[in-house]
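J.: In our numbering, the protein residues as written are 123 to 397.
Glycine included, C-beta positions come from ideal geometry on N, C-alpha and C.
Would you mind keeping the following structure in view while I ask a few things?
Right, here's the structure in full:
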């Protein structure tokens, strides 16, 4: 593509109403910055499959929970794989991009993950608790999440939902990466206000924790968010590894850190397009 500006289809749902966040604002800002490197058009995720053949690559950003447009997303994914379309993040992600089935797999393999079961046979592996959290395997953004008692466990675990003990964690913290390189961390000091985020300075152990999951995912390019909670014993447990369309909460960053992320993001996309 030397000498020719690449054409990017930037997939976002600017009208998506997220609790405590303004997805559209973040994508307006990022898309404006990417125009320095490429000819760019924005589209709704429901239109991506029909439009993407006219572009050199597709950038999937704040496109909202796939549950809201499952058929359209499956069509986009199938068409992109069939035609070899460049998609950023690449469609080889092993985490939320493929559903949350990786959580019980990682838990069974001994990773520091919130204990998770999806099949009735796996319920015995969960620690006993007074309450349990149930959420769809293909869910996102807390869609479909509910809290149940022990007596409801057997009927809840039907293979379509994750079952986890309710953990009274100290706080949640997110680590943001571009191409395996750590960029910044944010946390919610008050567990009741998940999206009231503040900058967080991770310890070396915190970064080792987060890097472990990014390495497991094996995505060579792309933006990933490692969401964790600080358990009562002081350790971190993985809540989710978002590798499809992670919201970045750039508005919670000081200007210099925000600019550093945008610089890394643009450089990653340039490498991806050259690759």
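Which of the three DSSP states, helix, strand or coil, is assigned to residue 371?
T.: DSSP places residue 371 in coil when its eight states are reduced to three.
J.: Starting from the C-beta of residue 302, find all residues in its chain whose C-beta is less than 6 Å away, skip the five residues before and the five after it, and write them out in chain order.
T.: These residues qualify, in order along the chain: 336.
J.: Which term fits residue 143, buried or exposed, when burial requires 16 or more other beta carbons within 10 angstroms of its beta carbon?
T.: Answer is buried; the Cβ neighbour count reaches 16.
J.: Quick one: is residue 376 buried, meaning 16 or more other Cβ sit within 10 Å of its Cβ, or exposed?
T.: It is exposed - the Cβ of residue 376 has fewer than 16 other Cβ atoms within 10 Å.
J.: Can you tell me whether residue 303 is helix, strand or coil according to DSSP?
T.: Strand.
J.: Any idea which residues DSSP pairs residue 295 with across the strands?
T.: In DSSP, residue 295 forms a bridge with 309, 350.
J.: Hey, how far is the Cα of residue 291 from the Cα of residue 178?
T.: Computed Cα separation, rounded: 44 Å.
J.: Should residue 148 and residue 366 be called a contact, given that it needs their Cβ atoms to be closer than 7 Å?
T.: Taking 7 Å as the Cβ cut-off, residue 148 and residue 366 do not qualify as a contacting pair.
J.: Residue 172: which of 186, 187, 185, 194 sits nearest, CA to CA?
T.: For the residues 186, 187, 185, 194, the minimum Cα distance to residue 172 belongs to 194.
J.: Does DSSP put residue 254 in a helix, a strand or coil?
T.: Strand.
J.: Please list, in chain order, all residues of the same chain as residue 257 whose beta carbon is under 7 Å from its beta carbon, the five residues on each side excluded.
T.: Taken in chain order, the residues that qualify are 266, 267, 283, 284.
J.: Kindly give me the distance between the Cβ atoms of residue 298 and residue 306, rounded to whole angstroms, as I take these residues to be in contact under 8 Å.
T.: So it is a contact: roughly 5 Å between Cβ atoms.
J.: Are the stretch 185-199 and the stretch 322-338 in contact at 8 Å, needing three or more beta carbon pairs?
T.: Contact fails: fewer than three Cβ-Cβ distances are below 8 Å.
J.: Can you give the Cα-Cα distance for residue 240 and residue 164, rounded to whole angstroms?
T.: Looking at the two C-alpha atoms, the distance is approximately 37 Å.
J.: What residue range is occupied by the uninterrupted beta strand (DSSP E) comprising residue 342?
T.: Run containing residue 342: none; DSSP gives neither H nor E here.
J.: Do residue 196 and residue 166 count as a contact pair if the criterion is CB distance below 7 Å?
T.: Cβ atoms of residue 166 and residue 196: not closer than 7 Å.
J.: Which of the three DSSP states is assigned to residue 161 in this structure?
T.: Of the three classes helix, strand and coil, the one that applies to residue 161 here is strand, per DSSP.
J.: Considering only the beta carbon of each residue, do residue 248 and residue 237 sit closer than 7 Å?
T.: Yes.
J.: With a threshold of 6 Å on Cβ separation, who are the neighbours of residue 229 within its own chain once the five nearest residues in sequence on each side are excluded?
T.: The residues are 235, 237, 238.
J.: Tell me which residue opens and which closes the beta strand (DSSP E) that residue 130 is part of.
T.: 129-133 is the span of the beta strand (DSSP E), which, as asked, contains residue 130.
J.: Report the CB separation of residue 130 from residue 181 in whole angstroms; it is logged as a contact under 8 Å.
T.: Confirmed, Cβ separation roughly 6 Å.
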